[in-house]
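Residue numbers (the working numbering): 2 to 261. To start, the structure itself, in structure tokens.
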């Protein structure tokens with residue numbers, strides 16, 4: 002709240018929250034949790050202090066750490082299995098941090114040139130919006146596995162190619178999902194995740210596992226597919242930048258776990 006108070010006192014016009022995650026406004030049980038309630042309250046409080054406030058919903062990050070492709074989301078490198086709470090045919094929105102940065106710049110430009118002027122424009126594309134939804138790419142777990150398989154076929158490898166070993170494990174029934182979540186710690190930290198957290202004394206693994214479990218379930222039923230989004234509003238016809246997909250990432254920027 003200190004940041005909000007300082008911004009309001011300094012006469013700052015707008016504020017984009019440092020959220021960049023799931024759209025917790027979608028009615029479902031997954032996001033009925035204090036962590037997302039607080040995010041909603043944060044937006045409302047910022048507005049009450051006179052700040053033009055926007056939160057950006059992106060689905061999941063394409064890149065790590067804590068991106069879509071990690072053990073906390075059922076992407077198990079050891080067994081080469083993408084474990085999903087569903088059929089594996091529901092799309093998931095994943096967005097590159099590169100595209101998120103571009104979207105932030107576009108939002109700032111649009112708001113400052115159409116709303117924050119002495120004579121506001123009659124055309125204000127973001128007026129009335131508290132949340133902006135973007136979806137860099139929507140793909141299913143089966144799509145992801147297909148990308149891994151094709152990558153292995155395209156690469157000229159001297160070592161053993163195990164890309165064909167990757168598969169989807171679909172947890173169809175409630176019993177299967179319950180058994181999986183009871184037996185597997187979703188927040189199984191890899192080196193990058195541990196480095197990102199560092200010596201954070203406030204980090205609570207049990208709390209993090211609860212959140213990860215809710216996101217894991219949301220991935221399986223289509224909740225994280227931001228089919229209705231503001232992509233064209235911000236970037237009509239990819240006029241300002243090309244949305245990044247898993248198939249057009251440069252090799253060294255692709256989620257590392259996809260190629261191990």
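Yeah, the Cβ is synthetic: ideal placement off N, Cα and C, and Gly gets one too. What you are looking at is a predicted structure, and each value in this text was computed from that prediction instead of being measured.
Listed in chain order, the beta strand (DSSP E) runs fully inside the stretch 57-139 are 82-85, 93-96, 132-134, counting runs of at least 3 residues.
Around the beta carbon of residue 2, fewer than 16 other beta carbons sit within 10 angstroms, so the residue counts as exposed. Spatial neighbours of residue 27 in its own chain (CB-CB distance under 7 Å, excluding positions within 5 residues in sequence) are listed in chain order as 224. DSSP places residue 44 within a helical segment (H, G or I) once states are collapsed to three. DSSP places residue 216 inside the alpha helix (DSSP H), whose first and last residues are 206-221. Here residue 227 really is in contact with residue 24; their C-beta atoms are around 6 Å apart, less than 8 Å. Apart from the 5 residues on each side of it in sequence, residue 171 sits with its Cβ closer than 7 Å to the Cβ of 85, 87, 88, 89 in its chain, given in chain order.
Separation of residue 54 and residue 165 (C-alpha to C-alpha, rounded to the nearest whole angstrom) is 46 Å. Residue pairing by DSSP places residue 8 opposite no residue, since no beta bridge is assigned to it. By the criterion of a C-beta distance shorter than 8 Å, residue 113 is surrounded in its chain by 14, 15, once the five residues flanking it on both sides are discounted. The beta carbons of residue 96 and residue 59 sit about 4 Å from each other, so the pair counts as a contact at 8 Å. Residue pairing by DSSP places residue 54 opposite 16 in a beta bridge.
Assigned with DSSP and collapsed to three states, residue 228 falls in coil, not helix or strand. Per DSSP, residue 240 lies in no beta strand (DSSP E) segment and is marked neither H nor E. Residue 238 has its alpha-carbon roughly 32 Å from the corresponding atom of residue 83.
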